[in-house]
Amino acid sequence: MGEQNPDTAMEKDMKSNDHIYYSDHKLISVALRAKERPKEKFCNLLHHLTLERVKTAIVKIAVSSGRGPDELSRNLTRQHLDWLLPKELDDIHKKKYEAPCSRRVYIPKANGDKRPIAVGNILDRGIQGATAEILNNVYEQDFLDCSFGFRPKRNCHQALATLNHAVMIEGKHYLLEVDIKNFLGTINHEWMMAFLRHRISDERILKLIESWLKAGVMENGVEMANETGTAQGGAISPLLANVYLHYVLDD
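Residues in the sequence shown are numbered consecutively from 74, following our numbering.
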């Protein structure tokens, strides 16, 4: 018998463990290592940020939420991607990438208030989405089973089922509802980066995330610096929020 493909063998091992998440077969080794070594810091993740991974993320974003507010986003073609993305990725590898300013828009909330949303160009959103996908393979091994918000393969129905089990089967009698006011907008950048360094030591990835945290916003034609928080509407923001809460509340 010939030798078994190591990726195939690894995939079978991981499928037998429901607690291990991985987004695709190219990231199985990252997910497995993160699960087996919860204290390890990953120093070489950027090579997973490939042209094809970013292209795939851009297609998903364009289909689900639209291309974006700027002329580049509206008129972007596959030829544009083939021309523009290699330079963007090269800048990231050289730690020269500067996240572009996003445009702030407001959408109404159920209580009558308005929620600020940052809408960036589709190239940057694609890079954010691809980066989040890579990092999810690390952090999904760390997050607790009782955490459901903005996580892959988890939803509010599962959260309700867990609450129902706690009340009806386990006999719990108290539920606490908490809303952190303007949570995304008040995340401390220094603490955010410190939390990320518990698991990520790839300085290129860290520099990229810091660039997104610091990226300014444009409102009424005026560009404003961002000293705190992560952009609501950014593809990387849900993951960053979960990492922050994991170390503040769960770890």
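Using N, Cα and C, we set each Cβ at its ideal position, and we do this for glycine too.
According to DSSP, residue 267 sits in a beta bridge with which residue or residues? Paired residue(s): none; residue 267 is not in a bridge.
Can you check which of these residues, 315, 324, 307 and 161, is closest to residue 177 by C-alpha distance? 307
Using C-beta distances below 7 Å, list every residue in its chain close to residue 171, excluding the 5 sequence neighbours before and after it, in chain order. 284
How far does the beta strand (DSSP E) with residue 296 in it extend, from its first residue to its last? 295 to 297
Expressed to the nearest angstrom, what Euclidean distance is found between the alpha-carbon atoms of residue 126 and residue 203? 6 Å
Would you list the one or two residues that DSSP bridges to residue 180? 188
Would you please state the rounded distance, in angstroms, between the beta carbons of residue 195 and residue 131? I believe it to be under 8 Å. 6 Å
Is it buried or exposed for residue 115, if we count other Cβ within 10 angstroms and need 16 for buried? buried
What is the DSSP secondary structure of residue 309, counted as helix, strand or coil? coil
Excluding the five sequence neighbours on either side, which residues of its own chain have a C-beta within less than 7 Å of the C-beta of residue 201, listed in chain order? 285, 307, 308 and 309
Suppose the cutoff is 8 Å on Cβ atoms and the five residues either side in sequence are ignored; what does the same chain contact list for residue 103 look like? 95, 115, 118, 121, 207, 210 and 211
Inter-residue CB distance, residue 301 and residue 259 (contact presumed, cutoff 8 Å): 6 Å
Three-state secondary structure assigned by DSSP to residue 175: strand
Taking 6 Å as the cut-off, is the C-beta of residue 245 nearer than that to any heavy atom in the ligand SAM? The ligand SAM is not among the ligands present in this structure, which contains no ligands whatsoever.
Residues of its chain near residue 198, where Cβ-Cβ distance is below 6 Å and the 5 sequence neighbours each way are ignored: 134 and 308
Three CB pairs or more closer than 8 Å across the segment 173 to 190 and the segment 311 to 319: no
Find out if the Cβ-Cβ distance for the pair residue 316, residue 268 is shorter than 7 Å. yes
Which residues does DSSP pair with residue 292 in a beta bridge? 295
Could you tell me the distance, in whole angstroms, from the CA atom of residue 163 to the CA atom of residue 238? 50 Å
Classify residue 213 as buried or exposed, calling it buried when 16 or more other Cβ atoms lie within 10 Å of its own Cβ. buried
Between residue 111 and residue 288, which are expected to be in contact by the criterion C-beta below 8 Å, what is the C-beta distance as a whole number of angstroms? Rounded, the Cβ-Cβ distance is 31 Å, inconsistent with contact.
Spatial distance of residue 304 from residue 190 (CA atoms): 7 Å
Since residue 273 sits in a beta bridge, which residues does DSSP pair it with? 115
Quick one: grab the DSSP three-state call for residue 196. helix
Can you grab the Cα-Cα spacing for the pair residue 128 / residue 157, in whole Å? 11 Å
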